[in-house]
Structures are given as C-alpha cells and as structure tokens.
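Quick note: the sequence shown uses the numbering used here, first residue 118, plus one each step.
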Amino acid sequence: MLDALRQAARALKSQPGFAAIVVVVLGLGIGANGALFSAVNSLLLRPLPYANPSQLVEVSLPRRGPTVADLKNSRSFAAVGAYRIQVFDVLSRGAVTRTIGFSVTPNFFSVLGVEAAIGRVFTPDEHERTVVISYPYWREISGDPHIIGQTLSISGEPRTVVGVLPADFTLSIRDAVVFLPAPDNQRGNGGIVARLNDGVTAASAQAEIAGISRALGAEMSAGSERATVIPLAQALRSNDANVLLLLQASLGLVLLITCANVGNLLIVRAIARRREFAIRLALGAGRGRLFSQLMTESAVLAVLGGLLGSLLASWSLGIVDAGLPANLERRLRGAEGLSIDATVLAFLAALSMSTVVLFGLAPALQVYRADLMSTLREARATSPRRQRLGRGLVVAEVSLALMLSIGAGLTAKDLFGLQRADLGFSAGDVLRAAVDLPAARYPTGERRAAVVAAMAERCRALPGVELVGVIAPQYFPFGGPRVRGSLFALRTAPGVQARAEVYVANADYFRAVRIPLLKGRLFGDADTSTSPPVALISASVASRYWGTRNPIGDEIRLQAEEPRSSWATVVGVVGDVRNPVATDVQPTAYRPYSQSLEASPILMVRTNRPATTLVEPVRQAMHAIDRDGPEPRVVSLQAALWDYLSYQRFSTSAIAIFAALGLLLTAVGVYGVMRNWVTLRTHEIGVRIALGARPRDVLRLVVGSAAATVFAGVAIGVAGALALQRVIA
C-alpha cells in the first residue's frame, strides 16, 4: 500500500498542473454541496430535540369538532397536548414589549418529553399564574441563574417564572418567548401535539379521530373540515424541505458538472500515458498492478479534493447562514446551528470518493483491457473513440451549466414577476404601520378605537400624507393561519358551506391601497357599533356564491362557526386582493372597524412622496399618542412585500451562485481538456506546419474543435432547459 501511495504521489507530482486543476474542481463542487448539506442536515435530518420524536404527531381538528379533552380517551395516543400562538405584552426593564408566546396545556412539555434547563416545566395540574420562558429570552433579559421565582408582568398580569427551556427547544418558525398554562378544552386555530402509542401510525390515528369527529358532528356542526394527523417533523419542516431540497438538487447539477470535469481530465491524462503503460506491459508489469496504481492515484486526488472541499464548506457556513431567510435562521437558532459534524463529513467523504473513483474507473479499465500492439501503434495518435468520449463529457458539462444558468434566469424572472404582479392593491408610496395596543392599558374596544383614531389623525396632519386607512388582523396582505378561510353562511342559501378570509377595515383603507369598489358602497360614518352590522365582499366571493345575482342587500353570517357571530348586510363588492405567492385568489370579506374593534390593527398611510422618507415621522407621530406603550413598527408596504418573498429571494440568489459556480467549473474543465488536447496533438500540429499549414489554420483547427463541442453543449442545454421548464410548469 505504501509503495502504491508513493508511486501515485510521484505520478501526480510529475504533472502538478493536472493535479491542481482536479483538486480545485473537486474542492469547489464538493465544498458547495457540503455547505448547503450542512443546512439540510441541521434543519431536516437531525432528529427533533424531543424524547422519541418519531412518535410525535401534529393533529388538526375541525374548528367545532373535538377538543384536546375529547381526545384523552383515544386509543391512538399516549398523551395529547395543545398550544395556541398568541401575542403578549411583556413588561421588562421598565418597557412594554410586544412578543410572541404560546398558551399551552399543562401537560404540553411532558407530551414532547422536554425538561427545563433551569427550574421546571408545568405540572399536569398547573393552574397558577406561572410562566416558562425560552432560553434566548432568558439570556436577553438577564441570564440570571436564579431567575426562578421572579415575577414577569405579562399583559398586565404578574406571573411567576418557574422554568427556562433548553437552548435547542423549537416548535415553530416563530420566536416564542413566553409559555403560559392554558385549559385542556381550548379549541380554535392553535396546534395540537400528540404522542402515538407503540405500534400506532399517523394514518390509523387520523382514522380514529375522523370517527370521533363524525360522532360529535350532530352536536358541534363540524362542517366540511376534516381532521388530519401528520408527523410533527413533517409539520415543522415541510416549508424548509421544499426550499432546501430544491437547492440541493440544483447543486446536484453542479456536482454532475464536477464529475464530468474530473472524468474528462482523468481520461485525457490516461490517453497521454498510454505509451508509458504499453511499455510497462511489454516489460512484464501486470495489468492488475497498473489498474491498482491508477485507482490509487484517483483515491489520492479524492482525498485532496475532499480536504479542500471540507475547508471551503467550513469557510462557507457563515455565507450560507447570512443568506438564509429569517424563518430558517430562527429554526437554526433552535437547532444546533450550521456545523461540519460527523454526518456532513461522511457526506463529503462519500462525495469525493464516489466522484473520482467512479471516473477513475474508466481510464483504469481502459488500461486493464488495452491491447499491447494496438496501444503501441497509437502512441503518436489520438484514438477517435477516446476523443469522442472526452468531447462527450465536455458537451455534458456545457449543457448542464447552461441548464443551471437558464434555471437561475427563470427563477429571477419569476421573482421580479412576483414583485410586479397585480396583487389587487397598490403598494407604491404606502406605509404599513403596525399598532400594538396592550390589553392592560386599553381594556375596552372603545379606548382602543380612540387611540387608533388619534394616531390616524396625527399621521394625516403630516406633510405628504394623503390618506390613512385601518385594516386588521396584522397578517394582511399576506394571508393568515387559516388558509382555507372562515366559514360563513348565506341567508338565501342555508345549505351552502361558504368560506372567506375575514378582515376588518375602514373606508379609507380601500382608498389608501386603491382597492376598487365594484358595486354598492364602502363603509361610512353611519356604520357604528350601535348600527346594524354590514359587510363588504370581494369579487371572487360574489362570483362564487351569487353568480350573476346581485349580492347587495343580502345577509351573511361571517365566521359562522362562532356561536356569537351575527348576520350582516352586504353593502358593497370590492376588488380581490392576492397573496404574492398564492396561485388562487383568496375569497375575502370585510367588516367595519367600528363594529369589530381589533386590538392590533395596521394603519395604511398613503403618501404623495417616496414612502421611505416618512417612515420616521409616521412612527414618531403614532408613538407620541402613547409613549409608554410599544413603538409602532413602520415600514414601506413595498419593503414588507419584499421581505415576505424571502424564500423566493434566497432560492433565486442561491441558484444564481450555483449557476456561476457551474460556469466556472465548466470553463476550468474546458480549458484543461483543450490544453491537454493541444499537448497530445503537438506532433500532429508540427507535421501540419511542416507541410505548409499557416498558424491561423492551426488556430482555426483548435478553436473550431472547441467551438463545435461547446455549441453542441449549448444546443442540448437549451433543449434540456425548455423541457425542464415544461415539467416544472
């Protein structure tokens, strides 16, 4: 073995340029794949930081179906817990901060199998005013190891800190800060997590829950919604998987380019050494020994390329981390972060060995099977068959690089298309100002409405402000957690199960973002909390449920699954608003803000100058109304939309980088192949010149050969990209 390694080292040392090109090409291809695979490993492959995570599932129930308590006697589950994402006002360091938190059933953490890093989690009968906080939040507010027993004011209520969660705890893409105990019978749009009994699958558990829902249907009117049970890892990671696996597939094309590159270089080198091998065979060297030497040389190149790839991957982790969308960054903070661990190292080793050994096998087998006399006769000529093989690999490189480049162009086109798409409203010169009104400070809807009105009036008084509208909830215009919308009933069609996303707004909102009024009227001053309820519907709702009939004057009951919902008269039809990344229009209905005083609305501020110049004046004007409350979050609506497209921006940027890397590898490969091709044909070129060929004729020969090969790759790459586009579309 040592002799074989020494011979391989001497052989590679005799051609340092060849060895350097192979190692660099390998390092670039393997390093890029390794850096991205570290994110795939951290976010998708590592088990969730819970006890026996494969037994955990997320359960989705009909909105008026069984509760967590109803599932206690299920044969499928060993334990069932629930959580609800909420917004809390946390008083810390003398300032109120609006934060994301979870209300969880007391057994929630025991269902997950999570223990506190400091203190304890909730006990099964926890009903006191207690709180468990996240590890990052504990570090932010103090990092005091003696925090247990201290008091936090959460939405005006003092709560005793009983525990700090582990640093690797993660449950959703949101930054959850505080966890409060909640009763078992909570319903609604939160989440339910259950632990399966041994031997039970998610499918069988779903079938059992569906039976329970049907049994309760007559009493609870579950409607057309269905219960679902999916593995918790799938529920938490589905969005991440779509993005990361797409990018890993794109890098797979880069790896194929790397493979073709290295294979071509090894084949060209084997052709250059065929006379050496023929002489050694004639002198009695065994074919097996020559085969072993070539494979050893390939292994040495694999190790060197893998080492360089590992260094590049490690160096690139910061770049990958910085480029990740915010949601993925939060998930990484909950996981162990990006790192080159044993799994990533094994992946890098497998890539490097398989890449070179696979293509090192072809020239080694050529030597093993070579005929001695024919090899000697070909000593000064290049085999046409081998030329075809080498050029075929160059064609493959060029076509793959072009497919990747065209793919990058198409994703960029889609991204900019999303920016310019008709969303049904005008985002230009509009500010989006989120208002948080703590319940402890503003316990009634009337007080909240007065503050919102005062903030709107202050904003209207600013130079450059034309209109100020109000819209809630705050996830507008990006769609909320209920992607199918809320049930609503039609007085004229009692049996219809209609759905629409429900918002509350005032009339100036529609004017500020320029949503057109298609029929009827907008909300007016007469639509107050004491007047009959009214509603607006979008064009898609009118078309879907009224057809050609006029909906004006008809009555609907929005959020019909809520017992306290009331009938409202349709007074107008407005244009549809589209989610930037949704394929279909989301049916929408609106109630007047004056009749549904939401705690956390958004002010939409239309300006007659660049909106970004008024961000700070608007923020200061709103904050002046309540300087002790949370500061308003003011951004341009264009910036909010751009931030919402973070996954698309990340994918586009990454694929563009991969395409550039693919082109670089292809250029290096084509250069290396043509360099060796010219070296191999030096004798032929000399003969041509001796017979009268001019230098430009020789140049035409070399360039023409390279151009023909590249053009063939371009043709195949364009055809492949068009075919791939049709498949994806």
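Heads up, the beta-carbon is just placed ideally off N, CA and C, and yes, glycines get one too.
- Judged by pairs of C-beta atoms under 8 angstroms, the segment 363–374 touches the segment 768–776, as three or more such pairs exist.
- By the CB criterion at 8 angstroms, L778 and L145 fall inside the cutoff.
- Closest by C-alpha distance to S683, out of R674, D814, G837, L421, is R674.
- Put simply, the backbone Cα of P668 is about 22 angstroms away from that of S711.
- Between A629 and L584, the alpha-carbon positions lie close to 6 angstroms from each other.
- A Cβ-Cβ separation of about 20 angstroms leaves T472 out of contact with L122 under the 8 angstroms criterion.
- Checking the DSSP bridge columns, you'll see R723 partnered with V547, L584.
- Per DSSP, reduced to three states, the secondary structure at I774 is helical.
- Relative to the Cα of R817, the nearest Cα in the group D553, P704, V795, L780 belongs to V795.
- Rounded to the nearest angstrom, the gap between the Cα atoms of A377 and L510 is 5 angstroms.
- Contact between the segment 525–540 and the segment 398–405 is absent, with fewer than three C-beta pairs closer than 8 angstroms.
- Residue environment: S193 is assigned as buried (16 or more neighbouring CB atoms within 10 Å of its CB, all protein chains considered).
- Contact between A776 and L521 holds: their C-beta atoms lie close to 4 angstroms from each other, under 8 angstroms.
- Counting along the chain, Y254 sits inside no beta strand (DSSP E); it lies in the alpha helix (DSSP H) bounded by residues 252–258.
- Our two residues, A293 and F219, have alpha carbons roughly 7 angstroms apart in a direct line.
- When the five nearest sequence neighbours on each side are left out, the beta carbons in the same chain lying within less than 6 angstroms of the beta carbon of P633 are those of G692, in order along the chain.
- For the 8 angstroms CB-CB criterion, V176 and V317 do not form a contact.
- Between the segment 753–771 and the segment 539–553 there are three or more inter-stretch CB-CB distances shorter than 8 angstroms, so the stretches are counted as touching.
- In the three-state reduction of the DSSP assignment, S191 falls in the coil class.
- Excluding sequence positions up to five before and after A319, its CB lies within less than 8 angstroms of the CB of V174, L313, V346, I347, P348, all in the same chain and listed in chain order.
- One Cα belongs to A463, the other to L424, and the distance between them is close to 12 angstroms.
- In this structure, L782 keeps its C-beta atom at 8 angstroms or more from the C-beta atom of T528.
- Comparing alpha-carbon positions, the option among A152, V552, D814, I138 lying closest to V722 turns out to be V552.
- Ranked by Cα distance from L353, the first of L639, P170, L153 is P170.
- Out of R661, L780, W663, N190, the CA that lies nearest to the CA of E514 is found in L780.
- Assigned with DSSP and collapsed to three states, G266 falls in coil, not helix or strand.
- Residue environment for L468: buried (at least 16 other C-beta atoms within 10 angstroms of its C-beta).
- Assigned with DSSP and collapsed to three states, P480 falls in helix.
- Looking at the DSSP output, E618 sits in a beta bridge with T705.
- Selection L429, L714, G266, I250 evaluated against F286 yields I250 as nearest (Cα-Cα).
- Of all C-beta pairs linking the segment 736–745 to the segment 649–663, fewer than three are shorter than 8 angstroms, placing the two stretches out of contact.
- Assignment of beta-bridge partners to Q172 by DSSP yields no partner.
- The continuous alpha helix (DSSP H) containing G562 extends over residues 562–577.
- For I271, the pairing in a beta bridge is given by DSSP as V207, E274.
- Residue burial is scored here from C-beta neighbours: I806 has fewer than 16 other C-beta atoms within 10 angstroms and is therefore classed as exposed.
- DSSP places V140 inside the alpha helix (DSSP H), whose first and last residues are 133–157.
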